[in-house]
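Note sheet for the following structure.
In UniProt numbering, the protein residues as written are 1 to 148.
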């Protein structure tokens, strides 16, 4: 009985992942690859963002800001990175962006995201944190592979 239930559960997960795979190229749809990603359009550029419900602050890659000429400035404050090091905090003003053609705006922390790109194997250019998710009351719908 336990073995049958396990097989059923694995088959169900495979079906859900296959359904998510079908939605990979649609902007605003969630892409699952161990963690959820979504495409956002910011400054006219469609970029891949990691959805991180555990991050209190949304973030943009410093390289993206420099390329797209998005203004940011040092705050004089420091944040503690996941490895325990202190990192000078740089932020943007409110920047408009879209998810699935729906307009939003947010202030972003600015950091070099090279290590995140290496860890995920994806060209991640930003991170949507709980500040944006909470402000706009967005939830990650794992069943339909989208933000609601």
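Each residue gets a CB set at the ideal place from its N, CA and C atoms; glycine is no exception. Here the structure is a predicted model, which is why all the values come from computation and not from measurement.
What are the boundary residues of the alpha helix (DSSP H) that residue 125 is part of?
In the chain shown, counting from the first residue as 1, residue 125 sits at position 125. That residue, residue 125, is in no alpha helix (DSSP H); its beta strand (DSSP E) goes 124-128.
Tell me residue 90's beta-bridge partners as DSSP assigns them.
As a working note, residue 90 is residue 90 in the chain shown. Under DSSP, the beta-bridge partners assigned to residue 90 are 74 and 110.
What residue from 122, 144 and 131 has the CA that sits closest to residue 34's CA?
Sequence index remark: in the chain shown, residue 34 carries index 34 (1-based). It is 122 whose Cα lies nearest to the Cα of residue 34.
Whole angstroms is fine: what's the gap from residue 51's alpha carbon to residue 78's?
Walking along the chain shown from the start, residue 51 turns up at place 51. Walking along the chain shown from the start, residue 78 turns up at place 78. When rounded, the distance between both Cα atoms is 23 Å.
Can you name the start and end residues of the beta strand (DSSP E) that residue 138 belongs to?
In the chain shown, residue 138 corresponds to position 138, counting from 1. Where residue 138 is concerned, there is no enclosing beta strand (DSSP E), given that its DSSP letter is neither H nor E.
Residue 134 versus residue 69: straight-line alpha-carbon distance, rounded
Translated into the one-based positions of the chain shown, residue 134 becomes position 134. Translated into the one-based positions of the chain shown, residue 69 becomes position 69. Just so you know, the alpha carbons of residue 134 and residue 69 end up roughly 27 Å apart.
Same chain, Cβ closer than 6 Å to residue 94, neighbours up to 5 away in sequence not counted
Here residue 94 corresponds to residue number 94 of the chain shown, with the count starting at 1. Excluding sequence positions up to five before and after residue 94, its CB lies within less than 6 Å of the CB of 105 and 107, all in the same chain and listed in chain order.
Buried or exposed: where does residue 111 fall if 16 or more other Cβ atoms within 10 Å of its Cβ makes it buried?
Within the chain shown, numbered from 1, the residue matching residue 111 stands at position 111. The residue is buried, with at least 16 neighbouring Cβ atoms inside 10 Å.
Quick one: grab the DSSP three-state call for residue 117.
In the chain shown, the residue the question calls residue 117 occupies position 117. Helix at residue 117.
To the nearest angstrom, how far is the alpha carbon of residue 97 from that of residue 136?
Sequence index remark: in the chain shown, residue 97 carries index 97 (1-based). Sequence index remark: in the chain shown, residue 136 carries index 136 (1-based). Near 13 Å, if we compare the C-alpha coordinates of residue 136 and residue 97.
Are there 16 or more other CB atoms within 10 angstroms of the CB of residue 103, so buried, or fewer, so exposed?
Within the chain shown, the letter at position 103 stands for residue 103. For residue 103, the number of other beta carbons within 10 angstroms of its own is below 16, and it is reported as exposed.
Near residue 132, which residues of its chain fall below 8 Å by C-beta distance, leaving aside the five closest residues on each side in sequence?
Working through the chain shown from its first residue, we reach residue 132 at position 132. Here the set comprises 58, 104, 106 and 138.
From residue 74 to residue 83, what does the alpha carbon distance come to, in whole angstroms?
Counting from 1 along the chain shown, the entry for residue 74 is found at position 74. Counting from 1 along the chain shown, the entry for residue 83 is found at position 83. C-alpha separation (whole angstroms): 21 Å.
Starting from residue 61, follow the alpha helix (DSSP H) in both directions and report where the run begins and ends.
Within the chain shown, numbered from 1, the residue matching residue 61 stands at position 61. For residue 61, no alpha helix (DSSP H) encloses it; the enclosing beta strand (DSSP E) starts and ends at 59-61.
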